[in-house]
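So the protein sequences, as listed, match chains A and B.
If you're matching positions, the first sequence starts at 185 in this note's numbering and goes up one per residue.
If you're matching positions, the second sequence starts at 29 in this note's numbering and goes up one per residue.
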Amino acid sequence: MFDTEADYDIKKLEKRKSEIIKRSTGLDYSEFETDGIGFNYNKLMESTGYTFEDVINIQRENMIGNTPLTELKNLTEYARKFSEDGYGARILLKDEAANLSGSFKARRAAMSVHKAKELGYKGVIAATSGNYGAAVAAMAAKYGLECIIIQECFDSKGKAQPEITEKARACESYGAEVIQLSVGPELFYTFLHLLDVTKFFNASLYSPYGILGIETLGYEIAEETKSRYNKFPELVIATNAGGGNLTGTARGLQRAGAHNTSVYAASVNLRGLHMANDNHFNKKSFTTGHTGFGIPFAINPDRSDVPRSAARPLRYADKYYTVNQGSVFFITEALASLEGMERGPAGNTSLAVAFRMAQKMKRDEIIVVQETEYTGAGKHHNAQLAFAKENGIELKFGNPLEEEPGKNIIFPASGEDLLLKEIPLRHIQKTYLKRYMDKDLSLKDFIFLEQELRIDQDDIEQLLKEVRNERKKR
Amino acid sequence: MTYPKGTYVKITKDILKPEHRLDALPEVTSSKPLTGWVKGKLLREADINDKAPIETITGRFVQGIITEIEPAYTHTFGAYVKELDIVRSTILVEMWGDKNVRHRG
């Protein structure tokens, strides 16, 4: 079989999408649909066939989970230098780089690849430019399955993002085939086409398997904090892109009974850079954990590679903060030079947010930063900054909130100047609701939206009214 | 010069022509083809820039233009970044005090 020339026709693939997804996930998503706009989220999450104990066992067998939760005493002390008396919460860090393949993504990959093996698939495919690829490839290696990873890697001039090049190397070291593409959302159709011709399993990041796998992370954080500090953490911060990290962690915290622990989303602010723009592709210093994924996936989780995403961050996030690129590099350097931990950088987005939040919280309170990731050639913060300079990005010191992504990177001149920007959840909820502004919503629809957005019907109606009024003004 | 069958190479091919791409893409993106790169072993002898079929590690057969023979990993930790040195000394001075810091910016 020669897979040649014009590979596929988007329109034809679009028509066969649900058939391909059904065959490649082992899930019939139509079973979760209900009347109206919604679907049964709980039923989707219960469709995996795994108990929580199964998940723990599968992960343990594969060197996943039970990662160290370490108190960052020096970094906490550093934050306290800029805090008022009695303030400066303890910062704890879950060292997820200790997982097989070097990131928390192993927790997700373990469940997907285990399911693929159980169902008798010959191989797995994932569309990812990030750590998830390495995680799937490593698990496929353990289970003796073929693996194909599809990356968006090059701009049309053939220039690769060094971080993504490193991920390709990691995948290949685990025996995966890596297909690298130029910029564009048609990656999804290349993915569908390959699922179709290979008959491999769709190891989607957004399947219920992938989210269930992260619940152990939230659960471990709750249990370990409780046993060492005699209470659950006040706050857990998750770096947010596709929403799965936050969703799974929050569900795990709830499973452990940590109902009063707040969960904040953190993303690198890439305002002004268009994700499908070829010229913008190599102007960014973060390939994940940024607003370019975080916001669109919060507004519409179902834009993912399965019909209904199991990652639904608005159901769980209590607040959403953004931080600039320069501040994440700053905190990455602080983690290395004060704690002796060379990690990240993208995974340190939540650490940058924690550093600032700690200054506003009481000394006896606990913040948990719920992940780290391995670092290496290409993805190291020095590599990313050198690459930014090559691409004409100016590096300077000053007010991080004035950073213009794609033009400059602004480092805080002091730890005190590391500042955050909050995106009010109300803004995100409102944008989420835009697509329903001309729709007659039923009672059932409102109940679904209440669960999706965690606000009541009156609030939803108010937001819809605001959206309609704004349209009139335009 | 040609390389024998079985040589490890990287090939490229255009997967979608510009006119077959999705609507509503920025013009800089939609004006170019969607291009792919993949590595594998030559199924017949060929030279760089030739169009040739390969077998990938998962056993797929793909045809494309050879861009590299025995492709290498060349990504690095990057050139010296002076600004990062300043960041580091800022952190150390603020944390431990000026006198105790050996590496000053």
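Ideal placement from N, C-alpha and C gives every residue a C-beta, glycine not left out.
Small disclaimer: the values here were computed from a predicted structure and weren't measured.
Rounded to whole angstroms, the separation of the alpha carbons of Lys415 (chain A) and Ala495 (chain A) is 27 Å.
The criterion of a C-beta distance shorter than 9 Å is satisfied by Thr556 (chain A) and Asp279 (chain A). The beta strand (DSSP E) runs lying completely inside the stretch 441–477 of chain A and spanning 3 residues or more are 446–452, given in chain order. With a 10 Å radius around the Cβ and a threshold of 16 neighbouring Cβ atoms, Gln641 (chain A) comes out exposed. Between the beta-carbon of Ala311 (chain A) and that of Leu371 (chain A) there is about 6 Å, and that keeps the pair under the 8 Å contact cut. Contact check for Lys343 (chain A) against Asn466 (chain A) passes: the beta carbons are separated by less than 9 Å.
Partner residues in a beta bridge of Tyr403 (chain A), as assigned by DSSP, do not exist.
Residue state for Glu578 (chain A) is assigned as strand, using DSSP reduced to three classes.
Exclusion of the five residues before and after Tyr213 (chain A) leaves Pro491, Arg492 as the residues of its chain whose Cβ lies within less than 6 Å of its Cβ.
DSSP, read as helix, strand or coil, puts Gln91 (chain B) in strand. By the C-beta density criterion, Asn583 (chain A) is exposed, having fewer than 16 other C-beta atoms within 10 angstroms.
Taking a Cβ-Cβ cut-off of 8 Å, the neighbours of Thr374 (chain A) in chain B comprise Ile43, Leu62, Gly64, given in sequence order.
The beta-carbon separation of Glu408 (chain A) and Arg435 (chain A), rounded to 17 Å, does not stay under the 8 Å limit for a contact. In this structure, the beta-carbon distance from Asn224 (chain A) to Thr232 (chain A) does not fall below 9 Å. Looking at the DSSP output, Trp65 (chain B) bridges to A:Gln364, B:Thr40. In chain order, Gly427, Ser493, Ala495, Arg496 place their CB closer than 7 Å to the CB of Pro485 (chain A), counting only its own chain and leaving out the 5 sequence neighbours on each side. Contact with chain B is absent for Ala311 (chain A), since none of that chain's Cβ atoms lies less than 9 Å from the residue's Cβ. In this chain, the alpha helix (DSSP H) harbouring Val512 (chain A) covers 509–523. Between Tyr390 (chain A) and the set A:Lys649, A:Tyr616, A:Leu228, A:Gln613, the nearest pair of CA atoms involves A:Leu228.
Nearest C-alpha to Asn463 (chain A) among A:Asp339, A:Leu197, A:Arg439, A:Glu636: A:Asp339.
Relative to Lys196 (chain A), the option among A:Asp380, A:Lys326, A:Arg244, A:Ile275 whose CA is nearest is A:Asp380. Here Arg291 (chain A) is buried. Its C-beta has 16 or more other C-beta atoms within 10 Å.
Below 8 Å, enough C-beta pairs join the stretch 445–454 of chain A and the stretch 470–480 of chain A to call them touching: three or more. In the structure shown, Thr84 (chain B) falls within a coil segment according to DSSP collapsed to helix, strand and coil. Interface annotation for the stretch 340–351 of chain A against chain B: Ser340, Gly342, Ala344, Pro346, Glu347, Thr349, Glu350, criterion Cβ-Cβ distance under 9 Å.
Looking at the backbone, the Cα of Phe571 (chain A) and that of Gly106 (chain B) are separated by about 7 Å. One thing to note: Lys69 (chain B) has its Cβ no nearer than 9 Å to the Cβ of Tyr101 (chain B). Look at Ile205 (chain A): its C-beta is not under 9 Å from any C-beta on chain B. Listed in chain order, the alpha helix (DSSP H) runs fully inside the stretch 332–360 of chain A are 346–357, counting runs of at least 4 residues. Residues of chain B whose Cβ lies closer than 7 Å to the Cβ of Leu522 (chain A) are, in chain order, Ile119, Met123. The beta carbon of Glu111 (chain B) sits closer than 9 Å to some beta carbon of chain A.
Rounded to the nearest angstrom, the gap between the Cα atoms of Tyr31 (chain B) and Ile275 (chain A) is 57 Å. Straight-line spacing of the CA atoms in Ala425 (chain A) and His298 (chain A) works out to 24 Å. In terms of Cβ geometry, Val537 (chain A) and Ile421 (chain A) form a close pair [threshold 9 Å]. Interface with chain A (9 Å Cβ-Cβ cutoff): Tyr108 (chain B) is included. Under the 9 Å criterion on CB atoms, Leu585 (chain A) is classed as non-interfacial with respect to chain B.
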